[in-house]
Amino acid sequence: MSEYLVIVESPSKAKTIEKYLGKKYKVVASMGHVRDLPKSQMGIEVENNYEPKYITIRGKGPVVKDLKAAAKKAKKIYLAADPDREGEAIAWHLAHTLNVDTSSECRVVFNEITKDAVKESFKKPRAINMHLVDAQQARRILDRLVGYNISPLLWKKVKKGLSAGRVQSVAVRLISEREKEIKSFIPEEFWTIKGEFVKGKDVFEASFYGVDGEKKEPKHEQEVKEILAKLDTNTFAVESVTKRERKRNPAVPFTTSSLQQEAARKLNMRAKKTMMLAQQLYEGIDVGKEGTVGLITYMRTDSTRISETAQAEARTYIEEKFGSDYVATEKRKEGKNTNAQDAHEAIRPTSTLRKPEELKAVLSKDQYRLYKLIWERFVASLMAPAVMDTVTVALVNNGVQFRAHGSVVKFPGFMKVYVESNDDGVEEKDRLLPTFEIGETVFSKDIEPKQHFTQPPPRYTEARLVKTLEELGIGRPSTYVPTLETIQKRGYVALENKRFVPTELGEIVIELILEFFPDIINIEFTANMEGSLDKIEDGEAIWVEVIDVFYRGFEQHLEKAEKEMREVEIKDEPAGEDCEQCGNAMVFKMGRYGKFMACSNFPDCRNTKPIMKGIDIDCPKCGEGEIIERRSNKKKRTFYGCSTYPDCDFLSWDKPVGRKCPKCEGMLVEKKLKKGLQVQCVSCDYEEEQQM
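In this text, residue positions in the sequence shown follow UniProt numbering: the first is 1, and each later residue adds one.
Here it is, written out as structure tokens:
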């Protein structure tokens with residue numbers, strides 16, 4: 001019989017840990033939280049120091065029964081939930097459920113699920129950290145006070161089923177305000193002038209810089225004409241040659257936020273998928289001879305710290321693989337994020353020696369891609385800076401100056417392994433220039449001015465929104481994904497071409513909250529509240545006092561809103577067609593996956609159907625139907641099919657462009673590449689210039 005009972009959150013984590021601990025230990029899963037506030041009521045006694053009323057979560061009865069049965073047989077119980085606020089709270093709730101003394105050495109934490117880390121952690125069990133529990137409890141109670149007071153008000157004044165949350169409301173506000181910026185944006189004209197120049201047999205590019213030594217950015221065509229009119233010949237003199245050596249440092253290892261951003265940019269992964277895969281890599285993968293092992297450290301962190309042991313192993317690997325010149329000689333000084341809790345290490349591989357290529361056979365395609373990204377980023381972070389030789393050449397003709405820039409990677413350093421996608425390494429590719437002497441002559445082959453217009457600020461992608469929330473100090477690593485999921489599920493925002501757009505409902509709700517609950521949606525206030533939660537965690541503030549200060553002001557706003565908030569009627573938008581089942585008008589409705597059509601005679605008629613969005617192109621297969629945009633049932637991917645389906649079964653994952661290939665008469669489609677769109681033929685190798 002097992003002497004010790006260890007409780008973790010998930011079965012896969014339990015399976016991994018049990019292999020390390022031996023026969024005396026039985027490891028079971030609680031499947032997350034076992035207690036929470038009731039859904040049917042507020043569950044907080046405001047007049048009794050905000051005392052929460054916890055109940056067993058519906059459906060968790062059998063789990064709790066099994067845990068209690070196992071606890072009775074155990075000599076000692078260890079609570080090994082994740083090493084963060086949420087994990088500490090889960091351990092605390094389990095302790096209360098199983099009558100474990102919270103001040104006893106019952107809590108075990110580890111930042112990585114490897115044999116050594118797990119065994120070492122069981123040598124140092126501790127009491128439950130009530131500061132961490134109080135911080136999580138304070139967040140939960142704050143969100144409940146906001147949600148369960150504002151939501152019924154929105155049901156009454158706007159529409160049933162609405163809800164409001166602290167962090168979610170700020171996220172919707174950011175998206176809504178960005179949309180207003182875009183709509184009010186007035187483009188401004190500007191021009192660029194690029195030239196192709198020749199020196200002997202060498203051809204190179206240079207761009208207009210200025211006139212008579214002063215930098216100039218032409219705004220109008222007339223200015224461009226005046227600049228070009230000053231060029232008296234096609235002969236340019238080399239005015240100056242500037243050479244310098246430049247170093248570029250590697251990016252720091254991943255935090256939760258930067259991992260979500262980079263996975264979106266490089267791997268085209270949604271934040272939710274990134275965290276799901278990271279959880280799998282953390283909890284353990286069967287890698288063969290070594291058995292099941294956690295491949296990465298804990299994935300919810302805002303720290304870039306790395307343990308000395310992990311650094312030493314990585315430095316040894318780098319030296320053996322690339323040579324001593326590639327090992328960073330100086331410890332990098334990183335700017336401290338004032339909002340970071342710094343509770344854990346950065347996200348890194350549990351061992352540098354578990355190279356991605358060697359694990360490819362035991363990982364799924366997406367697990368491999370994410371692990372490779374984490375591994376490469378970590379290894380590169382401990383490598384020497386890249387060294388670039390750069391040269392800038394100034395060319396002058398009658399006072400008009402063009403400049404050519406060249407660069408050569410003198411020493412690749414960390415770039416041998418990884419380059420952050422934000423920069424994409426474009427400027428680091430070799431751009432060779434001929435050798436120049438001051439005073440010598442070159443000739444312009446072609447000078448081409450181009451008109452441009454300034455662009456509005458971009459809509460938020462998931463990655464950009466997470467980055468913004470982090471920079472503003474709103475939310476924490478564990479809250480980013482739930483926030484993104486909630487605002488979409490509530491119908492406040494929609495994703496269009498992977499960018500957030502506020503819905504009419506979202507804008508109405510935000511306006512009402514902004515009018516009557518300004519603090520809830522105030523960015524600085526929300527960030528300060530996160531700071532207060534951090535103080536509770538550090539033992540510098542008492543959770544009841546933090547809640548009380550917030551609630552007294554909130555209560556006054558609530559009373560005012562009850563009296564003064566206007567009722568808003570959101571009418572269903574007519575779809576322009578009748579229901580084929582009952583003859584009533586069809587209307588547009590907002591659902592979990594965006595807009596759809598439904599019968600206005602609901603609930604008597606429950607007819608619904610997807611919105612058919614045509615792209616004004618005839619079907620290339622049958623010639624009778626129109627190509628329409630559809631969404632796949634399982635993964636909600638966009639694809640294109642014929643409107644006459646099932647009579648015509650034409651299908652394409654890429655958007656047809658309505659033209660035939662000039663080379664083979666095949667179908668042309670738009671391919672989405674990393675840096676834009678490219679028109680390609682599906683039947684031959686024809687392709688057109690990429691569009692940014």
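By construction, the Cβ of each residue, glycine as well, lies at the ideal position given by its N, Cα and C atoms.
Segments of 3+ residues assigned as beta strand (DSSP E) that fall wholly inside the stretch 449-536 = As far as the stretch 449-536 is concerned, its whole beta strand (DSSP E) runs of at least 3 residues are 493-496, 499-502.
message = For Ser240, which residues in the same chain have their Cβ closer than 7 angstroms to its Cβ, ignoring the five residues on either side in sequence?
response = Counting from one through the sequence shown, the residue named residue 240 turns up at place 240. In chain order, Ala394, Ile438 place their CB closer than 7 angstroms to the CB of Ser240, counting only its own chain and leaving out the 5 sequence neighbours on each side.
task = Note down the Cα distance separating Lys26 from Val287, rounded to an integer number of angstroms.
result = Counting from 1 along the sequence shown, the entry for residue 26 is found at position 26. Counting from 1 along the sequence shown, the entry for residue 287 is found at position 287. Looking at the two C-alpha atoms, the distance is approximately 23 angstroms.
message = Looking at Ala346: is its Cβ nearer than 7 angstroms to the Cβ of Ala384?
response = Working through the sequence shown from its first residue, we reach residue 346 at position 346. Working through the sequence shown from its first residue, we reach residue 384 at position 384. Contact annotation: Ala346 and Ala384 have beta-carbon atoms that are not nearer than 7 angstroms.
Any beta strand (DSSP E) of 3 or more consecutive residues that is wholly inside the stretch 104-160 = DSSP assignment within the stretch 104-160 yields no whole beta strand (DSSP E) run of 3 residues or more.
query = Just to check, is the beta-carbon of Thr392 closer than 6 angstroms to a non-hydrogen atom of the ligand GDP?
reply = Among the components of this structure there are no ligands whatsoever, and the ligand GDP is therefore not found.
query = Closest to Lys75 by CA distance: which of Tyr4, Glu45, Asp647 is it?
reply = Taking the sequence shown and counting its residues from 1, the one referred to as residue 75 is at position 75. Nearest of Tyr4, Glu45, Asp647 to Lys75, Cα basis: Tyr4.
query = By a C-beta neighbour count over all protein chains shown, 10 Å radius and 16 as the cutoff for buried, is Phe236 buried or exposed?
reply = The count along the sequence shown starts at 1 and reaches residue 236 at position 236. Of the residues assessed, Phe236 falls on the buried side of the cut-off, its CB having 16 or more other CB atoms within 10 angstroms.
query = For Gly335, which of helix, strand or coil comes out of DSSP?
reply = Within the sequence shown, residue 335 is the residue found at index 335, counting from 1. Reliability of the predicted coordinates at Gly335 is poor, the pLDDT of 45 falling under 50, and no value is obtained from them.
request  = Please say whether Phe639 and Cys619 have beta carbons closer to each other than 7 angstroms?
outcome  = Sequence index remark: in the sequence shown, residue 619 carries index 619 (1-based). Sequence index remark: in the sequence shown, residue 639 carries index 639 (1-based). The answer is no: Cβ separation not under 7 angstroms.
query = Going by Cα to Cα distance, which pick from Thr461, Val224, Gly625 is closest to Glu179?
reply = Here residue 179 is taken as the residue at index 179 of the sequence shown, counted from 1. Its Cα nearest to that of Glu179, the residue Thr461 stands out among Thr461, Val224, Gly625.
ask   = Using a Cβ-Cβ distance under 7 angstroms, would Val172 count as near chain D?
value = This model lacks chain D altogether; it includes just one protein chain.
ask   = Short check: CB of Ile175 to CB of Val493, under 7 angstroms?
value = Here the question's residue 175 lines up with position 175 in the sequence shown. Here the question's residue 493 lines up with position 493 in the sequence shown. Yes, the Cβ-Cβ distance between Ile175 and Val493 is below 7 angstroms.
message = So, for Thr352: in the same chain, excluding its five sequence neighbours on each side, which residues have a beta-carbon less than 7 angstroms away from its beta-carbon?
response = Indexing the sequence shown from 1 puts residue 352 at position 352. In chain order, Glu313, Ala314, Tyr317, Val379 place their CB closer than 7 angstroms to the CB of Thr352, counting only its own chain and leaving out the 5 sequence neighbours on each side.
inquiry  = Counting beta carbon pairs with one atom in the stretch 642-659 and one in the stretch 604-620, are three or more of them shorter than 8 angstroms?
reply    = Yes, since at least three Cβ pairs between the stretch 604-620 and the stretch 642-659 fall closer than 8 angstroms, the two stretches touch.
Integer-rounded CB distance, given that Val34 should sit under 8 angstroms from Leu94 = What you label residue 94 is simply residue 94 of the sequence shown in a count that begins at 1. What you label residue 34 is simply residue 34 of the sequence shown in a count that begins at 1. Rounded, the Cβ-Cβ distance is 6 angstroms, consistent with contact.
request  = Count the other CB atoms, across all protein chains shown, that sit within 10 Å of the CB of Pro38; report buried if there are 16 or more and exposed otherwise.
outcome  = Sequence index remark: in the sequence shown, residue 38 carries index 38 (1-based). By the neighbour-count rule (16 or more Cβ atoms within 10 Å), Pro38 is not buried but exposed.
inquiry  = Can you give me the C-alpha to C-alpha distance between Asp446 and Phe402, rounded to a whole angstrom?
reply    = Here residue 446 corresponds to residue number 446 of the sequence shown, with the count starting at 1. Here residue 402 corresponds to residue number 402 of the sequence shown, with the count starting at 1. Straight-line Cα distance between these residues: approximately 13 angstroms.
key: Contained alpha helix (DSSP H) runs [length at least 4] in the UniProt domain "Toprim" (3-113), N- to C-terminal order   = Those alpha helix (DSSP H) runs which fall completely within the UniProt domain "Toprim" (3-113) and span 4+ residues are 11-21, 61-73, 85-97.
query = Which partner residues does Phe550 have in the DSSP bridge list?
reply = Within the sequence shown, numbered from 1, the residue matching residue 550 stands at position 550. Note: Phe550 is not bridge-paired with any residue in the DSSP secondary-structure output.
request  = Determine the burial state of Pro646: buried for a count of at least 16 other Cβ atoms within 10 Å of its Cβ, exposed for fewer.
outcome  = The residue you call residue 646 lines up with position 646 of the sequence shown. By the neighbour-count criterion, in which a residue is buried when 16 or more other Cβ atoms sit within 10 angstroms of its Cβ, Pro646 is exposed.
key: Member of Thr16, Leu162, Cys579 whose CA lies at the smallest distance from the CA of Ile508   = For this step, residue 508 is matched to residue 508 along the sequence shown. Measuring from the Cα of Ile508, the nearest candidate turns out to be Leu162.
message = I'd like the span of the beta strand (DSSP E) that includes Pro356, first residue to last.
response = By 1-based counting over the sequence shown, the position of residue 356 is 356. That residue, Pro356, is in no beta strand (DSSP E); its alpha helix (DSSP H) goes 356-359.
message = Is it buried or exposed, Lys450, if we count other Cβ atoms within 10 angstroms and call 16 or more buried?
response = One-based indexing of the sequence shown puts residue 450 at position 450. Answer is exposed; the Cβ neighbour count stays below 16.
request  = Kindly indicate which three-state DSSP category Ile306 falls into: helix, strand or coil?
outcome  = Position 306 of the sequence shown, counted from the first residue, corresponds to residue 306. Ile306: coil per DSSP, three-state reduction.
key: According to DSSP, residues forming a beta bridge with Val327   = Here residue 327 corresponds to residue number 327 of the sequence shown, with the count starting at 1. DSSP output for Val327 lists Met383 as bridge partner(s).
ask   = Between Asp654, Ile227, Ser683, Gln678, which lies nearest to Glu665 when the distance is taken from Cα to Cα?
value = Position 665 of the sequence shown holds residue 665. With distances taken between Cα atoms, Glu665 lies closest to Ser683.
inquiry  = Let me confirm a value: Pro457 is counted as buried when at least 16 other C-beta atoms fall within 10 Å, else exposed. Which label applies?
reply    = For this step, residue 457 is matched to residue 457 along the sequence shown. Classification for Pro457: exposed.
ask   = In its own chain, which residues sit with a C-beta less than 8 angstroms from the C-beta of Ser151, not counting the 5 before and 5 after it?
value = Taking the first residue of the sequence shown as position 1, residue 151 is located at position 151. Answer for Ser151: Leu162, Ser163, Ala164, listed in chain order.
query = Nearest to Ser421 by CA position, among Cys106, His557, Leu267, Glu319, is which residue?
reply = As a working note, residue 421 is residue 421 in the sequence shown. Taking only the C-alpha atoms, the option nearest Ser421 is Leu267.
query = When burial is assigned at 16 or more other CB atoms within 10 Å of the CB, is Thr304 buried or exposed?
reply = Taking the sequence shown and counting its residues from 1, one reaches residue 304 at position 304. Buried, because 16 or more other Cβ atoms sit within 10 Å of the Cβ of Thr304.
query = Can you tell me whether DSSP reads Gln401 as helix, strand or coil?
reply = For the purposes of this step, residue 401 is taken as residue 401 along the sequence shown, with counting starting at 1. Reduced to three states, the DSSP call for Gln401 is strand.
ask   = For Met612, which of Val481, Gln279, Arg630, Asn398 has the nearest alpha-carbon?
value = Indexing the sequence shown from 1 puts residue 612 at position 612. With distances taken between Cα atoms, Met612 lies closest to Arg630.
Val170 beta carbon less than 7 angstroms from that of Ile570 = Translated into the one-based positions of the sequence shown, residue 570 becomes position 570. Translated into the one-based positions of the sequence shown, residue 170 becomes position 170. Cβ distance not < 7 angstroms, so Ile570 and Val170 don't count as in contact.
Residue span of the beta strand (DSSP E) that contains Ala575, given as start and end = Position 575 of the sequence shown, counted from the first residue, corresponds to residue 575. Ala575 -> beta strand (DSSP E) spans 573-578.
key: For Tyr298, the three-state DSSP class (helix, strand or coil)   = Mapped onto the sequence shown, residue 298 falls at position 298. The answer is coil: DSSP assigns Tyr298 none of H, G, I, E or B.
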